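Numbering follows this note's numbering, with no gaps: position 138 of the sequence shown is 381.
Positions of the beta carbon are idealized from the N, C-alpha and C atoms, including for glycine.
These figures come from a predicted structure and were not determined experimentally.
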Amino acid sequence: MQTRIGFAGLGLMGGRMARHYLEKGFPLTVWNRTPDRCAPLVAAGATQAKTPRELAERSDVVVACVSDPPAVERLVFAEDGLLAAARPGFTYLETSTISPSMARRVDEALRAKGARMLEAPVTGSKMGAEKGTLILMTGGPRALHDELMPVMMAIGSQAIYCGEMGQGSVVKLIGNGLISFMLAGLCEGLVLAKKAGIPQETVLEVVMASGYQSPYFPFKGAAIARRDWDTHFSIDLLVKDQTLALEEGAVHGVPMPGLAAIREVFQSARARGWGAEDIAAVYKVIESASGID
Ligand SMILES: NC(=O)c1ccc[n+]([C@@H]2O[C@H](COP(=O)([O-])OP(=O)(O)OC[C@H]3O[C@@H](n4cnc5c(N)ncnc54)[C@H](OP(=O)(O)O)[C@@H]3O)[C@@H](O)[C@H]2O)c1
244 MQTRIGFAGL GLMGGRMARH YLEKGFPLTV WNRTPDRCAP LVAAGATQAK TPRELAERSD
304 VVVACVSDPP AVERLVFAED GLLAAARPGF TYLETSTISP SMARRVDEAL RAKGARMLEA
364 PVTGSKMGAE KGTLILMTGG PRALHDELMP VMMAIGSQAI YCGEMGQGSV VKLIGNGLIS
424 FMLAGLCEGL VLAKKAGIPQ ETVLEVVMAS GYQSPYFPFK GAAIARRDWD THFSIDLLVK
484 DQTLALEEGA VHGVPMPGLA AIREVFQSAR ARGWGAEDIA AVYKVIESAS GID
């Protein structure tokens, strides 16, 4: 018998991730807060659940990819949430980027009902979700990580075990802290190049020929050059992750002055009404602060 998958959260990431389960022959049920977003997957063969509780009842493993801790709160703990259908043998795979404390809270509630949980936040963005090449960072029992490999490898190319529940989320927040620095550095550098009369392509050529390189720079650099703010990962969600990282820093007594300052730049982008745009659109904040129209 194939594992029956339930998928909750059909946004930019989840809609693409869920499709792999159908393509790989898993029986799939889907739930999304805005029900209409289920239509393309239902047309491709998935069943639609009316509530997260029904989703859990119909599934052996529920995979979630929703925005943030309040979304997980609604998904799991609401009256019609999936906790109401948690039972021995039921498993929850949490791929949303949330706080480590939220991951632990959900885990405790599920374990109290005999169910199991693995956190597995992902990286790879919209294209990684589309291609099924996400990298997953897991936290929870090592044996459950091993058992869920077929479920994880339907959407990803590698799952790295990070430790106990919550530690996968910490690693994910560290990663998105790095992205924040890389993007802020790229945007400041590209605006400086423009004002100094240096072609931005020249800067990217040097970056990619040298120890400065990361595939991230040509990816976002090309989007900036095209002024293409089509969302792969929204500014709103990166600010959510920066805030979660700063909170985690506070929990552990780690000052994070760099990330705190960079978050303010992204907050400016939200204040300008660009929160739903791609994180590359933060370029416009530096540009406008530099007096470029
Ligand atoms: N985009 C990326 O590159 C990327 C990469 C790695 C990880 N992530 C993480 O993956 C998660 C999803 O990201 P995304 O880019 O797919 O976001 P998205 O396109 O904004 O989708 C968000 C999903 O969460 C649902 N949702 C939001 N608030 C909810 C609530 N209160 N109750 C129930 N459902 C709610 C939305 O439902 P509706 O359709 O009803 O709005 C939608 O299905 C986030 O945790 C994000 O940080 C994103």
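Can you tell me the Cα-Cα spacing of ILE529 and GLN485, whole angstroms?
For this step, residue 529 is matched to residue 286 along the sequence shown. For this step, residue 485 is matched to residue 242 along the sequence shown. Between ILE529 and GLN485, the C-alpha separation is close to 18 Å.
Under 7 Å between C-beta atoms of ALA363 and LEU379:
Taking the sequence shown and counting its residues from 1, the one referred to as residue 363 is at position 120. Taking the sequence shown and counting its residues from 1, the one referred to as residue 379 is at position 136. Their beta carbons are under 7 Å apart, which means ALA363 touches LEU379 by this criterion.
For ALA321, I'd like the list of residues in its chain whose CB is within less than 8 Å of its CB, leaving aside the five on either flank, ordered along the chain.
One-based indexing of the sequence shown puts residue 321 at position 78. Same-chain partners within the cutoff: PRO295.
Quick check on the DSSP output: what are the complete beta strand (DSSP E) runs of length 3 or more inside the segment 263-300, in order along the chain?
271-274
Buried or exposed: which applies to ASP350, given that a residue is buried once 16 or more other Cβ atoms fall within 10 Å of its Cβ?
The residue labelled residue 350 in the question sits at position 107 within the sequence shown. Burial call: buried.
Using the beta-carbon count (16 or more within 10 Å), is HIS475 buried or exposed?
Position 232 of the sequence shown, counted from the start, is the residue given in the question as residue 475. Result: buried.
For LEU284 versus ILE248, is the C-beta distance shorter than 7 Å?
Looking up residue 284 in the sequence shown gives position 41. Looking up residue 248 in the sequence shown gives position 5. Not closer than 7 Å, so no.
Return the CA-CA distance between VAL309 and THR277, expressed in angstroms with no decimal places.
Within the sequence shown, the letter at position 66 stands for residue 309. Within the sequence shown, the letter at position 34 stands for residue 277. Going by the C-alpha atoms only, they are around 12 Å apart.
State the Cα-Cα distance for the pair GLU373 and SER531, rounded to the nearest angstrom.
Indexing the sequence shown from 1 puts residue 373 at position 130. Indexing the sequence shown from 1 puts residue 531 at position 288. The alpha-carbon atoms of GLU373 and SER531 are separated by roughly 33 Å.
ILE505 - DSSP class collapsed to helix/strand/coil:
Sequence index remark: in the sequence shown, residue 505 carries index 262 (1-based). The answer is helix: DSSP assigns ILE505 an H, G or I state.
Using CA coordinates, which residue listed in GLU491, GLY324 and GLY420 is at the minimum distance from VAL482?
For the purposes of this step, residue 482 is taken as residue 239 along the sequence shown, with counting starting at 1. Of GLU491, GLY324 and GLY420, the residue nearest in Cα terms is GLY420.
The beta strand (DSSP E) spanning ALA307 covers which residue range?
In the sequence shown, counting from the first residue as 1, residue 307 sits at position 64. Segment 304-307, the beta strand (DSSP E) holding ALA307.
Quick check: the segment 431-445 against the segment 399-416, are at least 3 beta-carbon pairs closer than 8 Å?
no
Would you report the Cα separation of ALA397 and ASP536, rounded to the nearest angstrom?
The count along the sequence shown starts at 1 and reaches residue 397 at position 154. The count along the sequence shown starts at 1 and reaches residue 536 at position 293. Between ALA397 and ASP536, the C-alpha separation is close to 45 Å.
Quick test of your reading: GLY382 and SER412, contact by CB under 8 Å. State the CB separation rounded to the nearest angstrom.
Reading the sequence shown from its first residue, position 139 is the one you call residue 382. Reading the sequence shown from its first residue, position 169 is the one you call residue 412. Contact holds; Cβ gap of about 7 Å.
Beta carbon of ILE505 nearer than 7 Å to that of SER423:
Indexing the sequence shown from 1 puts residue 505 at position 262. Indexing the sequence shown from 1 puts residue 423 at position 180. Yes; because the gap between Cβ atoms is below 7 Å, this pair is in contact.
Would ASN275 and LEU298 qualify as a contact pair, given that the criterion is a beta-carbon distance under 7 Å?
Locating residue 275 in the sequence shown gives position 32, counting from the first residue. Locating residue 298 in the sequence shown gives position 55, counting from the first residue. The answer is no: Cβ separation not under 7 Å.
Spatial neighbours of TRP472 within its chain, please: CB distance less than 7 Å, with the 5 preceding and 5 following residues excluded, ordered by chain position.
Counting from one through the sequence shown, the residue named residue 472 turns up at place 229. Result list for TRP472: GLU520, ASP521, ALA523 and ALA524, in chain order.
If you draw a straight line from the alpha carbon of VAL494 to that of MET408, how long is it in whole angstroms?
Within the sequence shown, numbered from 1, the residue matching residue 494 stands at position 251. Within the sequence shown, numbered from 1, the residue matching residue 408 stands at position 165. Approximately 16 Å between the Cα atoms of the pair.
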